[in-house]
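Enquirer: My structure is below; once you've seen it, I'll send some questions.
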Amino acid sequence: MHKPVLQNAATDRTGTTPGVVPLSIAPETPGPIYVGSDVYRRAAFGNNHPLNIVRHSAVLDLVEMLGWLSEKTYQASERATVEQLREFHDRDYIDALQYAESEGQVAPEVRERYNIGTLENPVFEGLFERASMTVGGSILAAKLACAGHIVFHPSGGTHHGRPDRASGFCYFNDPVYAINTFLEQGRQKVFYVDLDAHHGDGVEAAFESEPRVMTVSVHEEERWPYSGAAGKSGQARNLPVPKGVNDSELNYLMEEAILPLAEDFSVDAVVICCGADCLAGDPLSGMMLSNVALWQAVDQLIALGQPTVILGGGGYNPWTVTRYWAGLWGRISGQEIPESLPDKAVEFMRSMECDLIDEEDVDEAWLTTMADSPYPGPIRNAVKSVASLVAPGNRSRMKGRKHDLA
Ligand SMILES: [Zn+2]
């Protein structure tokens, strides 16, 4: 298809012969893709649940207001089929979830066995469609990533889901499907990095003895689910951090532990869980990161140059979640992050509500800007110590250990 505008732009930039599009910026070069669905616009989780706030729809609305989305960059996801769900989740659990939704209630023994119909994992209308859409979105995201796109699927990131039960607001586990899709597509070294405030326990458990996957989780110590102790365990590398973790500390963990691990593991695919509960201002964690530091960490992982899927995750402050993920898409898709939000966007941000945050605690900057002020600080010994526990050691020692295990 002839695209005169694009060709002229290419010619201007490179000074090459008119009509000849240089390969590096050829129109067919895969660009970034946003995977989403209108399913997430429907009410979910019910009243009094921390996820009863706008998140996915708000991110989409904000990026649309900023003109950062087009038909070319947005792709609607499809639901995972029951057969696909059975590849990781137990048949009886899937059946129980479907039945619970159709009945609108849960028998005590079902509640006990599958951890559904609880305050944590309520049964609500549209639950099954929503949860299977999230899995389908992550499968699609990994396939698109294998075709060369950087793929953003912010509705993904249900990292606590277990094969046989719901856990931590997660019914299924879509990151597992993103990773498995990479493996099915022939990737041999999938690197999973979890930057959510909570330990990525479900993903870790799924791959703890899978040599083709390494799971790395940065999370706040002494917080639910209380797993993910510092160090190495099977294919897992865990970096629990003390309360109040700052931007300099995240950067330290990236430079001293996570990026060296990626190199040592010779990664050929990357899945990132970008839970927004690690941001300053989140009501369910005590981490103090700025979105700018997180954007940079994701940039560093994208720069590994491998097929990459970027998922969402937790996040219970609608303002900070929306700014982080909308800005993340902006960064991925090459947009300039605006100094201040346009009036329409400010009005939109002002319309949000959150039961967990008092009105006087709503920071004016959350309503009028996108990028946080950076939050640098001292790098505490506890942070240095977790980095050294997981950083790849010298190769002879690693080899010796492997030999011992064999
Ligand atoms: Zn979380």
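Its first residue numbered 13, the sequence shown is counted upward by one per residue in our numbering. Using N, Cα and C, we set each Cβ at its ideal position, and we do this for glycine too. Remember, predicted model here, so these are calculated numbers, not experimental data.
1) Thinking C-alpha only, which one of TYR336, ASN258, PRO319 is nearest HIS161?
2) Quick check on DSSP: helix, strand or coil for LEU156?
3) Identify the residues that DSSP records as bridge partners of HIS231: which are they?
4) Since SER435 contacts LEU323 with CB under 8 Å, what's their CB separation in whole angstroms?
5) Please find out if some non-hydrogen atom of ligand 1 comes closer than 6 Å to the beta-carbon of HIS68.
6) From this set, ASN59, GLY79, ALA159, PRO42, which residue's C-alpha is nearest PRO354's C-alpha?
7) Go ahead and pull the three-state DSSP assignment for GLY240.
8) Between the Cα of GLU234 and the Cα atoms of ASN303, GLU141, CYS366, LEU251, which residue gives the shortest distance?
9) Confirm the yes/no value for this check: CB of GLY326, any heavy atom of ligand 1, distance under 6 Å.
10) Quick one: any contact between the stretch 219-228 and the stretch 335-349, if contact means 3 or more CB pairs under 8 Å?
11) Considering only their Cβ atoms, is the gap separating GLY240 from GLY287 smaller than 7 Å?
12) If distances are taken between C-alpha atoms only, which option among ASP206, GLU121, SER302 comes closest to GLY168?
13) How would you call TYR238, buried or exposed, if buried means at least 16 neighbouring beta carbons within 10 angstroms?
14) May I ask you to check if the CB of ASP289 is nearer than 6 Å to at least one heavy atom of ligand 2?
15) Who are the Cβ neighbours of VAL118 in its own chain at under 7 Å, not counting the five residues just before and after it?
16) Nearest to TRP337 by alpha carbon, out of LEU74, PRO42, ARG54?
17) Suppose contacts are defined by Cβ-Cβ distances below 7 Å. Is PRO187 in contact with VAL215 by that definition?
18) Between the alpha carbons of SER36 and PRO42, how many angstroms are there, rounded?
19) Within 6 Å: the Cβ of ALA209 and any heavy atom of ligand 1?
20) I'd like the list of long-range same chain contacts for GLY173, defined as Cβ closer than 7 Å, with 5 residues on each side in sequence excluded.
21) Kindly list the residues whose CB is nearer than 7 Å to the CB of PHE277, restricted to its own chain and excluding five residues on each side of it in sequence; keep chain order.
22) Going along the chain, which unbroken runs of the alpha helix (DSSP H) with 4 or more residues stay wholly within the stretch 268-323?
23) Report all residues from its chain with a CB closer than 7 Å to the CB of GLU196; omit the five preceding and five following residues, and keep chain order.
24) Cutting at 8 Å between CB atoms, please list the residues of its own chain near GLU141, excluding the five before and the five after it.
25) Starting from ILE344, follow the alpha helix (DSSP H) in both directions and report where the run begins and ends.
26) Where DSSP assigns a beta bridge to ASP206, which residues make up the other side?
27) Measuring only the C-alpha atoms, how far is TYR46 from VAL283?
28) Taking DSSP as the reference, what is the three-state secondary structure of CYS366?
29) For ASP367, count neighbouring Cβ atoms within 10 angstroms of its own Cβ and tell me buried if that reaches 16, exposed if not.
30) Closest by CA to ASP373, which one among TRP331, ILE349, LEU265?
31) Look up ILE45 in the DSSP assignment and say whether it is helix, strand or coil.
32) Only counting the same chain, and skipping five residues up and downstream in sequence, which positions put a Cβ closer than 7 Å to that of PRO62?
33) Please name the residue in ASP289, PHE219, LYS356, HIS210 whose C-alpha comes closest to that of ALA190.
34) For the beta strand (DSSP E) that contains ILE162, what are its first and last residues?
35) Who does GLN87 pair with in a DSSP beta bridge?
36) Just the C-alpha distance for ASP107 and SER82, rounded to the nearest angstrom, thanks.
Expert: So, to answer that:
1) For HIS161, the nearest C-alpha among the options comes from PRO319.
2) DSSP places LEU156 in helix when its eight states are reduced to three.
3) Residue pairing by DSSP places HIS231 opposite PRO252 in a beta bridge.
4) Because the chain in this structure spans residues 13 to 418, residue 435 falls outside the shown range and cannot be described.
5) Incorrect: HIS68 has no Cβ contact closer than 6 Å to ligand 1.
6) Nearest option by C-alpha distance: GLY79.
7) In the structure shown, GLY240 sits in coil (DSSP, three-state: anything other than H, G, I, E or B).
8) Comparing C-alpha distances from GLU234 to each of ASN303, GLU141, CYS366, LEU251 shows the shortest one belongs to LEU251.
9) GLY326: yes, Cβ under 6 Å from ligand 1.
10) Contact fails: fewer than three Cβ-Cβ distances are below 8 Å.
11) Cβ distance not < 7 Å, so GLY287 and GLY240 don't count as in contact.
12) With respect to the C-alpha of GLY168, the residue from ASP206, GLU121, SER302 having the closest C-alpha is ASP206.
13) Label assigned to TYR238: exposed.
14) As for ligand 2, it is missing from this structure, which binds only ligand 1.
15) Only ALA112, ILE128, GLY129, VAL135 meet the Cβ criterion.
16) Among LEU74, PRO42, ARG54, the Cα nearest to that of TRP337 belongs to LEU74.
17) The answer is yes: Cβ separation under 7 Å.
18) For SER36, the predicted structure reports a pLDDT of 45, less than 50, and the residue's modelled location is therefore unreliable. A value from the coordinates is still provided. Answer to the nearest angstrom: the Cα atoms are 11 Å apart.
19) The answer is yes for ALA209.
20) Result list for GLY173: SER179, CYS182, TYR183, PHE184, ASN185, GLY214, in chain order.
21) Answer for PHE277: LYS201, PHE203, MET226, listed in chain order.
22) Runs found: 271-277, 303-314.
23) Nothing listed; no residue qualifies.
24) Apart from the 5 residues on each side of it in sequence, GLU141 sits with its Cβ closer than 8 Å to the Cβ of VAL51, ARG91 in its chain, given in chain order.
25) In the DSSP annotation of this structure, the continuous segment of the alpha helix (DSSP H) that includes ILE344 starts and ends at 330-344.
26) According to DSSP, which records beta bridges pairwise, ASP206 is partnered with SER229, CYS285.
27) The straight-line gap from Cα to Cα measures roughly 15 Å.
28) Here CYS366 sits in coil by DSSP.
29) Counting other Cβ atoms within 10 Å of its Cβ, ASP367 stays below 16 and is therefore classed as exposed.
30) Sorting TRP331, ILE349, LEU265 by C-alpha distance to the C-alpha of ASP373 places TRP331 at the top.
31) For ILE45, the secondary structure class from DSSP, reduced to helix, strand or coil, is strand.
32) Hits under 7 Å: LEU296, TYR328, LEU368.
33) The candidate whose alpha carbon is nearest that of ALA190 is PHE219.
34) Per DSSP, ILE162 belongs to the beta strand (DSSP E) from 162-165.
35) Paired residue(s): VAL47.
36) So the alpha carbons of these two residues sit roughly 38 Å apart.
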